[in-house]
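Heads up, the thing below is written out as structure tokens.
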Amino acid sequence: MSKFFSERFANLEPYVPGEQPQDKQYLKLNTNESPFPPQHEVVEAAREASRYLNKYSDPDNRKVTEAIAAYYGLGYENVLVTNGSDEALNFAFLAFADEKRPLVFPEITYGFYPVAANVNHIPYETLPVGDDLLVNYKDYCGIGKNVVLANPNAPTGVALPLNEIEEIVRTNPDNIVIVDEAYVDFGAESAVALIPRYRNLLVTQTFSKSRSLAGGRLGFIMGSEALIADMVTLKYAINPYNVNSMTAAAGMASIADDTHFKNSCKAIMFNRDMTVEGLEARGFTVIPSKANFVFARAEWVEGGELYARMKEKGVLIRHFTNPKISDYNRISIGNEHQMEDFLDILDDVYNDMKKEGELREDQ
165 MSKFFSERFA NLEPYVPGEQ PQDKQYLKLN TNESPFPPQH EVVEAAREAS RYLNKYSDPD
225 NRKVTEAIAA YYGLGYENVL VTNGSDEALN FAFLAFADEK RPLVFPEITY GFYPVAANVN
285 HIPYETLPVG DDLLVNYKDY CGIGKNVVLA NPNAPTGVAL PLNEIEEIVR TNPDNIVIVD
345 EAYVDFGAES AVALIPRYRN LLVTQTFSKS RSLAGGRLGF IMGSEALIAD MVTLKYAINP
405 YNVNSMTAAA GMASIADDTH FKNSCKAIMF NRDMTVEGLE ARGFTVIPSK ANFVFARAEW
465 VEGGELYARM KEKGVLIRHF TNPKISDYNR ISIGNEHQME DFLDILDDVY NDMKKEGELR
525 EDQ
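Quick note: the sequence shown, position 244, residue 408 per the numbering used here, numbers continuous.
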């Protein structure tokens, strides 16, 4: 840390993204990326837009915003397009939370929330999850604070049903409820349909997971016209040209090809079910997931040990050090061949540990 670094951030613990190692080729199941490349039309749209990179992108992002709004049955004024959904979340935190209007979210959830709150000097409270790591929606009903919920949650993959989300929104009419739907396309119910009925609801989504554009950084946030207008004001104060031309073009092309999108999601859900079956057959407990990943643990191995041994064999999964979940690992769902390889290598790890007498169940 330099002597010039602001004291405001001296104790800041930054968000830690998943590993993106360059030392060798890995079977990469640690960052919830799609295993499928974007369709040809998306790549060509981005390439065509690259011819005009000497010009600024549209600060209103009008065309891609209109395409997203039409897809979700909303108006242009109900959508703000952002540089990934993290920017959308940050705009929402800045616009609607402060010392008088704190945030509340689960103790086990997306690690960006506390970091964004701390950077913006927003007080927050975390509510415990059960021993089963599930969020109890009743804890948030009528709480009188701004609520932030990842649905499906991360890193567990568990989704609250829409009626429970609606109850949280309905019982907090004087506070904002932000529903982060980064993984909603893999089997959960979206809260977008509630937007016309509730003026205090914001819903974020992203093109990173289900639309194969993690590297493009395209997200969006949806809500009432008044809420979106507030965040647009902040966007123009902070980052007016927040989405580049190539990303906007790629997003429009992706929206236009709904068949590819739905087929990709179906394939990932099929591979998720196959992986869960394989893990359970190998003695794992797997939390029911509606995301493009699973959260699993086994009695025969500690979570950090499994992560390290899989990495040694060229497989990256995600381990978290929080004591409540340290026995678990999050495993992104790849294509069918990748998940078969994952299970085979998992067997190799088990057999190695058995030969070495390192299985935890044997001790």
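Ideal placement from N, C-alpha and C gives every residue a C-beta, glycine not left out.
Which same chain residues end up closer than 6 Å to residue 197 when comparing Cβ atoms and leaving out the 5 residues on each side of it in sequence? 378
Roughly how many angstroms lie between the CA atoms of residue 223 and residue 516, to the nearest whole one? 56 Å
Let me confirm a value: residue 203 is counted as buried when at least 16 other C-beta atoms fall within 10 Å, else exposed. Which label applies? buried
Beta-carbon separation (whole angstroms), residue 388 vs residue 359, contact threshold 8 Å: 7 Å
Going by beta-carbon coordinates alone, are residue 509 and residue 479 separated by less than 8 Å? yes
Drop a sphere of 10 angstroms on the beta-carbon of residue 524, count the other beta-carbons inside from all chains shown, and report buried for 16 or more, exposed for fewer. exposed
If you compare alpha carbons, which of 492, 454, 497, 448 is closest to residue 511? 448
Residue 325 and residue 289: beta carbons closer than 8 Å? no
Around the Cβ of residue 483, are there at least 16 other Cβ atoms within 10 angstroms (buried) or fewer (exposed)? buried
So, do the region 332-348 and the region 226-237 have three or more beta carbon pairs nearer to each other than 8 Å? no
Decide if residue 206 is buried, meaning its Cβ has at least 16 other Cβ atoms within 10 Å, or exposed. buried
One question on the structure: do residue 315 and residue 261 come within less than 8 Å of each other, judged by their Cβ atoms? no
DSSP has residue 314 in a bridge; who is on the other side? 344
If we ignore side chains and look at the alpha-carbon of each, how far apart do residue 242 and residue 317 end up? 24 Å
Determine the DSSP secondary structure at residue 177, reduced to helix, strand or coil. coil
In chain order, which continuous runs of the alpha helix (DSSP H) of length 4 or greater are located wholly inside the region 240-305? 248-260, 276-283
Run through DSSP, which three-state label would residue 502 get? helix
Does the Cβ of residue 393 have 16 or more other Cβ atoms within 10 Å, making it buried, or fewer, making it exposed? exposed
Between the Cα of residue 329 and those of 308, 356, 320, 350, spot the shortest distance and give me the residue it belongs to. 356
How long is the line joining the alpha carbons of residue 527 and residue 466, rounded to whole angstroms? Any reading at residue 527 is ruled out, since the residue's pLDDT is 42, under 50, leaving its predicted position unreliable.
Does the Cβ of residue 402 have 16 or more other Cβ atoms within 10 Å, making it buried, or fewer, making it exposed? exposed
Would you give the residue range spanned by the alpha helix (DSSP H) that residue 409 belongs to? 409-420
Whose CA, out of 493, 294, 487, lies closest to the CA of residue 473? 493
Since residue 481 is in the beta strand (DSSP E), which residue starts that stretch and which ends it? Looking at the DSSP string, residue 481 is not in any beta strand (DSSP E), and its letter there is neither H nor E.
By how many angstroms is the C-alpha of residue 488 removed from the C-alpha of residue 521? 26 Å
Backbone CA spacing between residue 424 and residue 281 [nearest angstrom]: 36 Å
First through last residue of the alpha helix (DSSP H) which encompasses residue 352: No alpha helix (DSSP H) holds residue 352; DSSP gives it neither H nor E.
State the DSSP-derived secondary structure class of residue 459, mapped to helix, strand or coil. strand
Alpha helix (DSSP H) segment containing residue 326, residue limits: 326-334
Exposed or buried, which one is residue 214 when buried takes at least 16 other CB atoms within 10 Å? exposed
Going by C-alpha distance, which of 191, 201, 221 is nearest residue 409? 221
Residue of 475, 434, 462, 464 minimising C-alpha distance to residue 455: 434
According to DSSP, what are the bridge partners of residue 531? Lying outside 165 to 527, the shown extent of the chain, residue 531 is not represented and no answer is given.
Nonlocal neighbours in the same chain, by C-beta distance under 6 Å from residue 420, ignoring five residues either side: none
By DSSP's criteria, residue 494 is part of a beta bridge. Which residues make up the other side? 459, 482
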